[in-house]
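Numbering (the working numbering), first residue to last: 246 to 563.
Every residue, glycine too, gets a C-beta built ideally from N, C-alpha and C.
Everything numeric in this text was worked out from a predicted model, so none of it was measured.
See structure below.
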């Protein structure tokens, strides 16, 4: 039993990543209430196999062992558990150092029709809403259900909204393209490059790569949606207009390109000359990164990733 070494790469709100396959079954644990400080959002998930293997996390290691103990009991007797930790909890020997409180719904063998339908809709990269009855553990899924925020709760009925995982689509060549795509490779994504050396180095770092043929072909094959970020890292800015013109025809929530303020002005002008209207170029980010003029490729990668994630967290990537 214990913490899976790969759990840090598992999205805590992604049911697809948290439903292990196997005849022995598993439990699925949901955060269904958080009082005060909390490390995980509503709807965060953890799965526990019959062997005690965990994926995901619902705190920072404070309650996972106890959840696992209850999960194994639940698998044995089929009982749904609603566990409370921290404020209002009966478990005085288990404390949350943050001072908050958590309620965890524990469902044994959750691979029913509702969870499978939820997973299928997310696999199709569409937002999905799961309805849970906290008193019985019953699940309901309506593919057309929508809620305004990430959750709605009325008495014992809780609705949780899940979004497809973020994808990072990086185009470029050289150290900046390699550094960013390597930093972001814990997320879904790909580096598309016209440079064989860039492709080789990034591939050796575990990045999914594709050698560029032509910009329209590359974009057509990538199925870009509103949970995608498109980033360009080219020192030769003459490469950019065809990519950006194609990117602006997609629903990507973030489209940005490396370069100075002057490069941004020249980029916009080049796009306007090819027929791209100003309302479209206003969608572009650049200079990219939380702090301008970063010259170290690794520093730039961190600053750009932080900027993209902050924008996604604000709700724009929906």
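Neighbourhood of residue i by C-beta distance below 6 Å, restricted to the same chain and skipping five residues each side
i, result
"residue 428", "546, 550"
"residue 454", "436, 444, 447, 448"
"residue 273", "292, 352, 355"
"residue 495", "469"
"residue 548", "534, 535, 536, 539"
"residue 450", "427"
"residue 542", "420, 421, 424"
"residue 348", "277, 278, 329"
Alpha carbon of residue i to alpha carbon of residue j, nearest angstrom
i, j, result
"residue 398", "residue 559", "22 Å"
"residue 324", "residue 530", "50 Å"
"residue 563", "residue 369", "14 Å"
"residue 362", "residue 384", "11 Å"
"residue 270", "residue 322", "13 Å"
"residue 286", "residue 482", "40 Å"
"residue 413", "residue 421", "14 Å"
"residue 295", "residue 310", "14 Å"
"residue 409", "residue 329", "29 Å"
"residue 501", "residue 493", "10 Å"
"residue 194", "residue 390", "With the chain covering only 246 through 563, there is no way to say anything about residue 194."
"residue 565", "residue 532", "Here the chain has residues from 246 to 563 only, and residue 565 is not among them."
"residue 303", "residue 275", "8 Å"
"residue 326", "residue 315", "8 Å"
"residue 401", "residue 301", "24 Å"
"residue 513", "residue 497", "18 Å"
"residue 557", "residue 382", "31 Å"
"residue 371", "residue 317", "32 Å"
"residue 411", "residue 320", "32 Å"
"residue 484", "residue 434", "21 Å"
DSSP beta-bridge partners of residue i
i, result
"residue 445", "Residue 445 is not bridged to any residue."
"residue 361", "Answer is none; residue 361 lacks a bridge partner."
"residue 434", "413"
"residue 294", "271"
"residue 376", "385, 404"
"residue 276", "349"
"residue 327", "350"
"residue 301", "291"
Exposure of residue i, with buried meaning 16 or more beta-carbon neighbours within 10 Å
i, result
"residue 388", "exposed"
"residue 288", "buried"
"residue 292", "buried"
"residue 452", "buried"
"residue 394", "exposed"
"residue 466", "exposed"
"residue 540", "exposed"
"residue 544", "exposed"
"residue 250", "Note that residue 250 has pLDDT 33, beneath the 50 cutoff, so the model's placement of it is unreliable and no number is given."
"residue 507", "exposed"
Spatial neighbours of residue i in its chain, beta-carbon cut-off 7 Å, leaving aside the 5 residues before and after
i, result
"residue 418", "438, 439, 440, 443, 479"
"residue 359", "375, 384, 385, 386"
"residue 266", "Low confidence applies to residue 266: its pLDDT is 42, below 50, so where it sits in the model is not reliable enough to give any reading."
"residue 403", "277, 377, 379, 396"
"residue 392", "374, 404, 406"
"residue 521", "490, 493"
"residue 516", "486, 489, 490, 526"
"residue 553", "474, 499"
"residue 357", "384"
Close beta carbons around residue i, own chain, < 8 Å, minus the five adjacent residues each side
i, result
"residue 519", "486, 490"
"residue 555", "535"
"residue 313", "246, 293, 297, 299"
"residue 457", "416, 437, 438, 439, 463"
heavy atom of the ligand MG below 8 Å from residue i C-beta
i, result
"residue 525", "Inclusion of the ligand MG in the displayed structure is not the case, the ligand content being empty and no account of it being possible."
Test: residue i CB closer than 9 Å to a CB of chain D
i, result
"residue 518", "Absent from the structure is chain D; it holds one protein chain and no more."
Checklist entry - Would the region 466-478 and the region 520-528 be scored as touching if the rule is three or more Cβ pairs under 8 Å? => result Contact fails: fewer than three Cβ-Cβ distances are below 8 Å.
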